[in-house]
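What follows is the structure, encoded as structure tokens:
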């Protein structure tokens with residue numbers, strides 16, 4: 138009986154305390170510190186114009202002849218890195234991955250890649266994905282599939298020049314063989 142009465146009493150006390158408040162205010166820490174300095178937590182929130190600035194940056198990109206796309210089969214754990222030429226289609230498992238275009242920033246070629254791909258599945262009509270993938274933000278425009286994950290890795294730089302870090306990142310780990 139005591140085990141049931143104690144949680145009910147705590148719940149009642151918590152509800153009574155919440156009912157006495159007008160509203161629950163959730164604010165970032167810096168705003169809370171400013172409120173404390175400006176007259177306490179009951180003071181109205183004053184938003185400044187500088188908090189709403191947007192930043193615009195022009196990025197010059199160059200088209201590459203080839204790009205790298207990585208495919209993960211979530212069922213088997215197999216990871217495969219595909220090197221695709223512009224306009225080329227390759228198969229990975231049941232997927233058909235076609236690279237339309239690969240672009241990279243002129244100022245820092247190894248920093249990012251923008252890859253336009255079309256992905257379809259064998260035996261299913263239509264496309265699973267048709268759009269741009271960004272190497273630095275794979276979740277921004279991801280393939281939504283129950284079995285496969287596909288993401289852009291990078292573009293191939295002119296002359297085949299790759300830094301050691303890039304070469305290390307292009308190696309596909311192979312799962313251990315099952316007995």
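Residue numbers (the numbering used here): 138 to 316.
Think of the CB as a built atom: it goes at the ideal place given N, C-alpha and C, for glycine as much as any other residue.
- Residue 290 places its beta carbon 8 Å or farther from that of residue 234.
- Residue pairing by DSSP puts residue 242 in a beta bridge opposite 198.
- C-alpha of residue 216 to C-alpha of residue 209: approximately 5 Å in a straight line.
- When the beta-carbon positions are compared, residue 252 and residue 269 come within less than 8 Å of each other.
- At least 8 Å separates the beta-carbon of residue 294 from that of residue 262.
- Counted as a single uninterrupted DSSP element, the beta strand (DSSP E) harbouring residue 268 occupies residues 266–271.
- In this structure, the alpha-carbon of residue 281 lies about 19 Å from that of residue 219.
- Per DSSP, the unbroken beta strand (DSSP E) holding residue 227 starts and ends at 226–229.
- Residue 203 sits away from residue 241, with the two beta carbons spaced by 8 Å or more.
- Boundaries of the beta strand (DSSP E) around residue 291: 285–292.
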